[in-house]
Structures are given as C-alpha cells and as structure tokens.
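Read the structure below first, then the notes.
2 protein chains.
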Amino acid sequence: MKVAFIGLGTMGYPMAGHLVAQGHDVTVYNRTTEKAARWASEHQGSYQETPALAAQDADIVFTCVGNDDDVRQVFNGEHGILKSVRAGTLLVDHTTASPDVAIEIAELAKQIDCRFIDAPVSGGEAGAVNGVLTVMIGGDAADFAKAEPVMRAYAKSMSLMGPVGNGQITKMANQICIAGVLQGLSEAVTLASQSGLDIDKMVDVLKHGAAGSWQMENRASTMNKREFDFGFAIDWMRKDLGICFDHAQKIGVELPLAKQVDAKYAELQQQGLNRCDTSVLIKQYDSE
Amino acid sequence: MKVAFIGLGTMGYPMAGHLVAQGHDVTVYNRTTEKAARWASEHQGSYQETPALAAQDADIVFTCVGNDDDVRQVFNGEHGILKSVRAGTLLVDHTTASPDVAIEIAELAKQIDCRFIDAPVSGGEAGAVNGVLTVMIGGDAADFAKAEPVMRAYAKSMSLMGPVGNGQITKMANQICIAGVLQGLSEAVTLASQSGLDIDKMVDVLKHGAAGSWQMENRASTMNKREFDFGFAIDWMRKDLGICFDHAQKIGVELPLAKQVDAKYAELQQQGLNRCDTSVLIKQYDSE
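Chains F and B, in that order, give the protein sequences.
If you use this note's numbering, the first sequence corresponds to residues 1 to 288, in order.
If you use this note's numbering, the second sequence corresponds to residues 1001 to 1288, in order.
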C-alpha cells in the first residue's frame, strides 16, 4: 500500500520504520528535512519537502506531530495534506491533540471526500520502538477496519472508542489517571521510606491488592532511587494535561487533582527536570 | 493450639471462625457479649466476658478492634490481655492502628516476657470471609514464623516488613495509594462519561497500560453506575487516613492529596454516605 507518514519524532520515526518492514511503500515528511533524509536512507523509503508532496499519491496518510497547531498546519497549511490528497484517502492522526481539532479536520476532509480518524497512542518510546503501542481511535467503523491491518505494524492493541474525537477523550482519561496514581504513590513512597520501610518489599506486598497499579509495579522502586531518565517526559505530560484542562473547562468538569499535579510538574520543569519521566513527581519532596 | 481472638467485627468474626476450622481451640471476646455468644454457638468455640479471661490460657492471642484507644483498652485496660497472659504468649494485633501504639504495646508485652507483632490486614470483608487476606507484619522473624502457620487459616499472603510498627507503615502506604488512584479515576471517569465515552470500553483499553490499577479494573464501571454498597466503607478509610496524618505530621511529611481526598470523604459522610465503598469519591461531582 502507498503510505505517507508525517512527523518523525520520538514516536513517528520508529513507527514509520515498522510500516516499511511490513512491506508498505512509505514516503515521509518531517519539519527538519535532514531527519527525513536520514530516515529514508536507513529504511527502504523516500521523503518529501512538504506534507502535500508526501501525501499526494498515498492510500493512507499517518500524522504524528506535536500539538493542535501542528495538526492544523500539516493538514490545512499552505503545503498541507488536504491540498494534495486524492478523494478516498484515509487520514489517521496519531498526535495527542484536542477532540475539537479532530472534529475540525474530519469536517475539512469530508469536503474533499476523504476520511479522518483520530488515533492517539500510548506505550511511549519503548512501545513505538518495539511495535507494541496501544491505539485509541475515534471515527467510523469502516475507516477503522481499513486502518487496523496497517497500524498492526506498530500496535498490539487498537480500539474503536466511538465517533471522531473519542480517541482523544480516551487518551485524556489515561493521562488523568496517571496523574492521580503518581501523586498517591509520591506521598506513599515518601512516607514509607522516611519511616524506614523497604520500598521494594512494600511493592511486592501491595501490588496485587486494592492499592496496586502499573505505576506502583514499574515506578515505585525507581522513584525511591530517584531514577527518572526514561519513560514519558513531563514536558509532554504537561502538553497532554493542557488539552484535558481546555476540554474540561469547555464541558464544565473540574479536575482539581490533575491541576495540582500539573502545577507541581511546572515547578519541576523550572528546575530543569523537563525531560524526566512523569514519576519525577516525587521530587516535589526534595526542594529544601 | 489454644488461641484467643479479641474483637468480632466485620473482619474478626469470620477470621476467628477460620481458626476453628483449622482445628484450633478458640476462645473469643467481644465488647457486645451477645455477638460473642452467637459466634461461639455457630462455631465449635467458647467465649469469655473480658479480654483477660479469653487470653489467660492462650498460646497465641489475636486482636482485631477499632482504633488505637481500643487496642490500648483490650491489651492494657483493667481487664486487658496483659493482665492475664502467661509468659511466652505471642500477641498479634490485626487492627489498623498507629505504629506508636504497636511499639507501646510491644514494650509492655516485653516486660511480662510476652511477644507482640503488629499485623494489619487488607482484602476487606470478602477477604476475611474467604480466608484470603493480605497481612503486613512488623516484628521479629521468630515471632512471625510462629504466627504464620496459624494466620494461614485466613491469609493468602503474609509478609514481614521489618520491626514492630512496620506493618502499620505498610498499611498506611496502601491507603494513601488508594486515595490517589481513586481521585484520578473520579476525575477521569467523570470527564470521559460526560464526553460520551463508554466507560467499560475505556477500562478495557486502559487497564493494562501505564494508567492501569486495581481500582480501575474493579471500580471504574461501578463508579460510573453509582454503585457503592460493597467494599471498604469511607468511615474506615477516614480512620485509617487519620492515622496517616498523625504519623506524617510526626515525621514531617506533607500528604496534600490524601488530605484533600479525606476532606471530600468528610463531605460525603455528611451526606450520609459513610457506609459506602471508598469509590464513592466520584460523588464529589454530584453535589448541585
């Protein structure tokens, strides 16, 4: 299949590679052209200088860029995807963005007889490299059915969550849950370790019970050892939480805990910890 | 073995029953004597009118009462356990109480050549009834080794967490983690359901990822349906969080999230929801 992939960041770079490995004819675009050229030389693929050029012959176009404005730019900018794609092309956005931008682009796509689904992912860099991402999709069932076998190149789990925008809603819920789990874990690990408890032993006892969580199993020990040079950076978490706050305000839902966690992340960014994993939240206890 | 069991509440009543089923000679005491008499008639056991009388011939004495004051009363009150037990008796306190009271009773026990371990449990009423509790123990290894085969009557997992008091520290960490998970889940489920997402579908997608938790798997769906007539009552959660706050203040650790969750539980108690499961936290969104 002729595939375009727009955005070769931490996630997109390996994802596009998996598409080549699965036998697709892949053309990429990246804002920094050198990176696109490097990708093309490392893989059996080609690159173009604009999203429009990369997408013009594609059967399916994937995007994985930074934020709402980037999504608008690559789709609807002067050299955007919507300027060149053929009628019938399927457009799949892997960016974590707002449901509003998803609905907006889906509407524009419809006007030129193209289809759009929002498809944010979870699983982080490791998930992208190992091809085991989870994809949360908003859109029509027929479009999902068309995209699914292609996305299987880098996803182990793909779920249709409802109409366009619902992939993004699901991703928001994911990030808010993580914020809650990590703040509870920060408080619990600090209290316990300052009381002399062996944190690894504590995790072994608690992880299968009512307090158990993925973060407890995978992060409590490293939090206690102050190891954060892996995982999902707080820069990205803050971007995602910002999307949550905008949406929550729009529908009139308060997110008090998520807001407080975000404020703590803002302080940690100021301390230069912006590339650290979200579990760095425990360092709220380290300021003197 | 001759066993005494003091405190036939929601947890103690079935726990004492499991000890009989395992072949022990069990004598119980309960503040309300009628309940002790009922327990004795339902099981092959006997009851006494005071903790001292119940404990006097025992090889091992279990206690499972309400709070620190209750622990002090049943051990060190006028008719307390310490007034009658033989030298060499092992005392096991299953109450969720403060590490301070554990250390205090352990010291008093030592003065009469008895041994004490703190052994709070998790797993709730269902865990007690089904004999699959998790026990977190603070004390000496030799005492733990002696208690372990007896506790196996109602526990599936028992772990020695360090010296006396460390069982209680572990239980605190458990409750604080639960508070964090539940507040995150309350915010996420509310945002998602008010955005039209199918919560059961959302749980299926998120539960195995970085946002996953026991509470998500077991409570998100019932939270969304406003079902709370099971599980662990917020009355008890508030008691446990109070122990956390006292201890945290003593060692100088802030617990901002746990405090906020506790304040929300206090409001829900005022609304008469005090016997509801801790997942009732989501009803913070239902006040008009």
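For glycine and all other residues, C-beta sits at the position ideal for the given N, C-alpha and C.
Worksheet entry | Element boundaries [alpha helix (DSSP H), containing LEU206 (chain F)] | 199-206
Item to complete: Quick one: measure Cβ to Cβ for ASN1067 (chain B) and ALA1097 (chain B), integer angstroms, because I've assumed they're closer than 8 Å.
Response: 6 Å
Item to complete: Would you be able to state if there are at least three C-beta pairs under 8 Å between the region 160-171 of chain F and the region 90-108 of chain F?
Response: yes
Item to complete: Can you check the region 26-53 of chain F for any alpha helix (DSSP H) of at least 4 residues that lies completely inside it and give the ranges in chain order?
Response: 33-42
Item to complete: Identify whether PHE289 (chain F) lies in helix, strand or coil by the three-state DSSP scheme.
Response: Limits of chain F in this structure are 1 at one end and 288 at the other, which puts residue 289 (chain F) out of reach.
Worksheet item: Any heavy atom of the ligand PLP within a distance shorter than 7 Å of the CB on ASN1218 (chain B)?
Response: Inclusion of the ligand PLP in the displayed structure is not the case, the ligand content being empty and no account of it being possible.
Discussion item. Output needed in chain order: residues of the region 1092-1113 of chain B with a Cβ under 8 Å from some Cβ in chain F.
Written reply: PRO1099
Worksheet item: Taking the C-alpha atoms as reference points, what is the distance between VAL261 (chain F) and ILE1105 (chain B)?
Response: 39 Å
Worksheet item: From the beta carbon of CYS1177 (chain B), is the nearest beta carbon of chain F less than 8 Å away?
Response: yes
Worksheet item: Count the other CB atoms within 10 Å of the CB of VAL1028 (chain B); is the residue buried (16 or more) or exposed (fewer)?
Response: buried
Practice prompt. For VAL1253 (chain B), return the contacting residues in chain F, with the cut-off set at a CB-CB distance below 9 Å.
Written response: GLU187, THR190, LEU191, GLN194, SER195, TYR285
Worksheet item: Taking DSSP as the reference, what is the three-state secondary structure of SER193 (chain F)?
Response: helix
Worksheet item: Within the chosen definition, does the region 218-225 of chain F reach the region 246-266 of chain F through at least 3 CB pairs nearer than 8 Å?
Response: no
Worksheet item: Shortest alpha-carbon distance to ALA248 (chain F) belongs to which of F:ALA173, F:ASP57, F:ALA128?
Response: F:ALA173
Discussion item. At the 8 Å Cβ level, is ASN1166 (chain B) part of the contact set with chain F, yes or no?
Written reply: yes
Practice prompt. Report yes or no: do three or more beta-carbon pairs, one from the region 183-202 of chain F and one from the region 266-274 of chain F, lie closer than 8 Å?
Written response: no
Worksheet item: Alpha carbon to alpha carbon, how far is GLY17 (chain F) from THR63 (chain F)?
Response: 14 Å
Discussion item. Counting only beta-carbon separations shorter than 8 Å, does GLY131 (chain F) have a partner in chain B?
Written reply: no
Discussion item. Does chain F have any CB closer than 8 Å to the CB of ALA1119 (chain B)?
Written reply: no
Item to complete: Pull out every residue of the region 233-257 of chain F whose Cβ sits closer than 9 Å to any Cβ of chain C, in chain order.
Response: The displayed structure is made up of protein chains F and B, and chain C is not among them.
Discussion item. Quick check on LYS1201 (chain B) - is its C-beta less than 8 Å from some C-beta in chain F?
Written reply: yes
Worksheet item: Among residues of its own chain, excluding the 5 on either side of LEU206 (chain F), which ones have a beta-carbon nearer than 7 Å to its beta-carbon?
Response: GLY212, MET216
Worksheet entry | Sequence-distant residues of its chain with Cβ nearer than 7 Å to GLY1180 (chain B) (five each side left out) | LEU1257
Item to complete: Note down the Cα distance separating ASP1246 (chain B) from MET1161 (chain B), rounded to an integer number of angstroms.
Response: 21 Å
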